[in-house]
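Input: a single structure, listed below in structure tokens.
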Amino acid sequence: MKSSKQKSLKILVLGKPNVGKSTLINYFIGEKVSIVSRKAQTTRQNITAIMTEGLNQITFIDTPGLNSTKKNVSIKETFRSSVISTDLLVYVVDDRKISRFFENELKKELHGSHLQFSKKILVINKIDKINKGELLEITRETYKKIEFDETFFISLKKGYGTIELGNWLKNQLIERNWEFKQNEKSNFGKEQFLCELTREQILHNFHEEIPYNLEVVMDYIRPGGGNSLKIYQTILLTKGSYKPIILGKKGNGIKNLSQKTRLEMEKFLKKKVHLFLNLKINRG
Ligand code: GDP
Ligand code: MG
3 MKSSKQKSLK ILVLGKPNVG KSTLINYFIG EKVSIVSRKA QTTRQNITAI
53 MTEGLNQITF IDTPGLNSTK KNVSIKETFR SSVISTDLLV YVVDDRKISR
103 FFENELKKEL HGSHLQFSKK ILVINKIDKI NKGELLEITR ETYKKIEFDE
153 TFFISLKKGY GTIELGNWLK NQLIERNWEF KQNEKSNFGK EQFLCELTRE
203 QILHNFHEEI PYNLEVVMDY IRPGGGNSLK IYQTILLTKG SYKPIILGKK
253 GNGIKNLSQK TRLEMEKFLK KKVHLFLNLK INRG
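And the structure:
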């Protein structure tokens, strides 16, 4: 007989910046909860994303980019913060050697006592651009440092292996009450998310010229005409020299940025948006 009790599973997703952690979570949640970017380190806070289907609830904890120069510190921070009670560790790597650089630190942390996973799995992503020989080598090298319970070879871009991974995860569900409501998708506030959308567009549009650690804050949201919203945000820049870059010739830079961001916001809110972006130099 089929059980009619709630089941849940909490997953910590770890890996170097840019390996596809956010893409993986978005794939399973089916909605844009985590910011995906070609530029490393866009996910700054831990984000919990929640997928509820029937009686099953799976939550993913997305971790901020782990910076290679300060790797000890940031891995520790990640572990010490939100991670105490997760069931599974999903460790993601891709084709780049750099993506596999913190296994030694990870190994050390896993030997500590405060952190216990029932299972640890290795996910090798981007197999659309890795050949068989490389795949074997990546697997062998990683297992030398950490003994994983399972390995999955996937491509989130092409959809290879993702169904198998999803099915495997569902088999790990534990019978117990849910932590989140049925329709909750993320513990990330809507306002915070709207700021992240702006940040994402800045990183996409200005690439190398603007550092990733810029901040966007929400000033206020007001109802506009009809069913629309007026959104006022301030972009905080760490240097005066970034201002003309964002403004662009005749203000075209910020006009373009504002237009693209507005479209993303409208998709997300399913409402018409009037966006007002303000620039401020904030030397911290
Ligand atoms: P995160 O920093 O680990 O969260 O990485 P993101 O999810 O932001 O992804 C980083 C980049 O890798 C994005 O440009 C993705 O589109 C890209 N990406 C993700 N999965 C794949 C994949 O399977 N194949 C390829 N070729 N690119 C991918
Ligand atoms: Mg990310």
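Count along the sequence shown from 1, then add 2; that gives the number in the working numbering. Beta carbons: idealized from backbone N, C-alpha and C, even for Gly.
Buried/exposed call for residue i, threshold 16 Cβ in 10 Å
i           : result
residue 6   : exposed
residue 272 : exposed
residue 211 : exposed
residue 64  : buried
residue 59  : buried
residue 111 : buried
residue 264 : buried
residue 23  : buried
residue 145 : exposed
residue 283 : exposed
residue 176 : exposed
residue 2   : Given that the chain is displayed from residue 3 to residue 286, the structure contains no residue 2 and the question cannot be resolved.
residue 198 : buried
residue 235 : buried
residue 143 : exposed
Check whether residue i and residue j have beta carbons under 7 Å apart
i           : j           : result
residue 129 : residue 155 : yes
residue 174 : residue 54  : no
residue 200 : residue 219 : no
residue 11  : residue 89  : yes
residue 281 : residue 237 : yes
residue 21  : residue 127 : yes
residue 269 : residue 230 : no
residue 193 : residue 52  : no
residue 9   : residue 57  : yes
residue 172 : residue 148 : no
Same chain, Cβ closer than 8 Å to residue i, neighbours up to 5 away in sequence not counted
i           : result
residue 113 : none
residue 162 : 129, 130, 155, 156
residue 29  : 158, 164
residue 248 : 204, 208, 212, 237, 239, 255, 256, 259, 281
residue 32  : 53
residue 216 : 201, 204, 237, 238, 239, 240, 244
For residue i, the three-state DSSP class (helix, strand or coil)
i           : result
residue 132 : coil
residue 24  : helix
residue 260 : helix
residue 121 : strand
residue 213 : coil
residue 156 : coil
residue 224 : strand
residue 186 : coil
residue 282 : strand
residue 181 : coil
residue 126 : strand
residue 277 : strand
residue 233 : strand
residue 60  : strand
residue 199 : helix
residue 165 : helix
residue 272 : coil
residue 140 : helix
residue 149 : coil
residue 171 : helix
residue 7   : coil
residue 192 : helix
Sequence-distant residues of the same chain with beta carbon closer than 7 Å to residue i, five excluded per side
i           : result
residue 244 : 212
residue 260 : 277, 279
residue 119 : 88, 89, 90, 91
CB-CB length for residue i against residue j, believed under 8 Å
i           : j           : result
residue 16  : residue 137 : 20 Å between Cβ atoms; not a contact.
residue 262 : residue 207 : 7 Å
residue 205 : residue 233 : So it is not a contact: roughly 19 Å between Cβ atoms.
Cut-off 6 Å between Cβ atoms - residues of its own chain near residue i, not counting five sequence neighbours on either side
i           : result
residue 152 : 123
residue 75  : Because residue 75 sits at a pLDDT of 47, beneath the cut-off of 50, its placement in the model cannot be relied upon, and the point is left open.
residue 241 : none
residue 27  : 36, 51, 62, 64
residue 246 : none
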